[in-house]
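Here's the structure, in C-alpha cells; my notes come after.
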Amino acid sequence: MSNQLHLRTENDIFIDVFINVPWWYLAFYSMMSPFMTQRTKSKFVFASPAKTAETLFKYVGPEHVPIQYGGLSVDYCDCNPEFTIDDPAAVVTVKPATKQTVEIIVNEVNLETNIL
C-alpha cells in the first residue's frame, strides 16, 4: 500500500511524494517518464519501502515525520498515547570532563505490526 504526501515548498511549488511504492510502479514510472516534460517529472517523487525515510527527510524534517515512516513525530501515532505536546521537557546540563547518567524512556514499536 502506498501513501501520498502533498508538499508545498517555499516557492509555492507543489511536490507529490509517493512512499512505500511497489517495485512494479517504479518500473512503470521509469517507462513513462521519457514522455513527460522535466517540469512534470519534477513534481513527483517516488520512494520504495526501503528508501521511505531517506526520501521524506529530503523534504520534511525528521521531527515532523511519523515514527512509522522512520521519523520522530509521535503526534499521529498510537505507540505512546500518554505523550502530548503539553508534557514538560527535561533539560540536563553536562559540564565538560564530567560523567553523568541520563535516563531516556523509550517505547519501542514493531513497525511491521505497529504493536508496542
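According to our numbering, the sequence shown is numbered sequentially starting from 16. Idealized CB from N, CA, C, for every residue including glycine.
query	result
SER88, DSSP secondary structure in three states	strand
Best match in THR113, GLU118 and ALA112 for proximity to VAL106 [C-alpha to C-alpha]	GLU118
Delimiting residues of the beta strand (DSSP E) encompassing PHE50	Element bounds for PHE50: n/a, residue is neither H nor E.
C-alpha distance - LYS66 paired with LYS58, whole-angstrom precision	18 angstroms
Alpha carbon of VAL80 to alpha carbon of ILE30, nearest angstrom	16 angstroms
Interface flag, THR52 vs chain C, CB-CB below 9 angstroms	No chain C is part of this structure, which consists of one protein chain only.
Sequence-distant residues of the same chain with beta carbon closer than 8 angstroms to THR113, five excluded per side	none
Length of the line joining the Cα atoms of LEU71 and VAL32	8 angstroms
Bridge partner(s) assigned by DSSP for PRO81	SER88
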